[in-house]
Amino acid sequence: MAKKIQIAIDGPAGAGKSTIAKIVAENLGFTYIDTGAMYRAVTYKAIETGIQLEDAVTLEEMLRETEIKLQPSNEGQLVFVDGNDVSAAIRSNEVTAHVSQVAAHANIREILVGMQKQLAAAGGVVMDGRDIGTHVLPAAELKIFMSASVEERARRRHLDNEKRGISSSIEKLKEEIALRDKMDSEREASPLIQAKDAIFLDTTSLTIDEAATAILSLAKEKMV
Ligand code: C5P
């Protein structure tokens, strides 16, 4: 029987991680786990309840009383905060602009990483994020570090936003993505960095299908 491996996909914003991870998971019959959605869920609730995002202690108190649930569905992964479906709300420009600030708090990361490890414990998962290969699943059988040029990533986010009915401009997205990359890469607590044993995949000139096929063939080698 094929092994139920763990696949870690990391990389900067807009590299295509979630779209490609979803396809890979579906193809293998694995569970897809979008860890960025968890950081977004915390940020969303903090903004809604008026908590200062630099106040790590109050944020942690809030998180300890919050139920975050990820639920696979035909339209992708749904996210529930305290029983409310926030899947669309966590993609707003406001949450996107503030999430890296929340994700920089080591105490918040520790709690979410604990949940992520539990979700992946049984194997058969494709997990995407920034620190999956380095911190969350250091023993993952397959680690991919996915990137693309900032221009291409901004263009993709723009199309994505248009599809979701969110207003956006490519120039603004470029700035926003570059700033988020900088904050995610320079923070002290598990920064965005390629794991030593990760395979680098530049998706700038790859189609979604080409990138998914490349990962699937690597995964199949590890599953025998
Ligand atoms: O993947 P997505 O763009 O939705 O992630 C939103 C933010 O959550 C990232 O910019 C990063 O600050 C944070 N994040 C993280 N570690 C992860 C996943 C996301 O710090 N594993």
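Per our numbering, the sequence shown runs over residues 469 to 692. Using N, Cα and C, we set each Cβ at its ideal position, and we do this for glycine too. From a predicted model like this one, the values you see are computed outputs, not experimental measurements.
- By the Cβ criterion, the segment 572-589 is not in contact with the segment 612-628, since fewer than three pairs of Cβ atoms, one from each stretch, lie closer than 8 Å.
- Residues Val581 and Ser658 of the same chain have their beta carbon placed closer than 7 Å to that of His603, with the five preceding and five following residues left out of the count.
- In the DSSP assignment, Lys640 falls within the alpha helix (DSSP H) that extends over Ile638 to Glu654.
- Taking a contact to require three or more Cβ pairs closer than 8 Å, the segment 558-567 and the segment 508-527 qualify as touching.
- Shown here, Ser617 sits in coil according to DSSP, grouped into three states, outside any helix or strand.
- Bounds of the alpha helix (DSSP H) holding Thr511 are Gly504 to Thr517.
- For Leu684, the enclosing alpha helix (DSSP H) begins and ends at Ile676 to Met691.
- Setting aside the 5 residues that flank it on each side, Ala556 is surrounded in the same chain by Arg632, each with a C-beta closer than 8 Å to its C-beta; the list follows chain order.
- Judged by DSSP in its simplified three-state form, Gln520 adopts coil rather than helix or strand.
- Around the CB of Gly479, 16 or more other CB atoms lie within 10 Å, so the residue is classed as buried.
- Taken in chain order, the whole alpha helix (DSSP H) runs of length 4 or more contained in the segment 556-602 are 561-571 and 574-588.
- Taking Val570 as the centre and dropping the five residues before and after it, the same chain places the C-beta of Tyr507, Val510, Thr511, Ala514, Leu521, Leu527 and Ile576 closer than 8 Å to its C-beta, in chain order.
- Bridge pairing for Phe548: Lys537 and Asp553 [DSSP].
- At least one heavy atom of the ligand C5P falls within 7 Å of the beta-carbon of Ser568.
- Of all C-beta pairs linking the segment 496-506 to the segment 534-549, three or more are shorter than 8 Å, placing the two stretches in contact.
- In the DSSP annotation of this structure, the continuous segment of the beta strand (DSSP E) that includes Ala476 starts and ends at Gln474 to Asp478.
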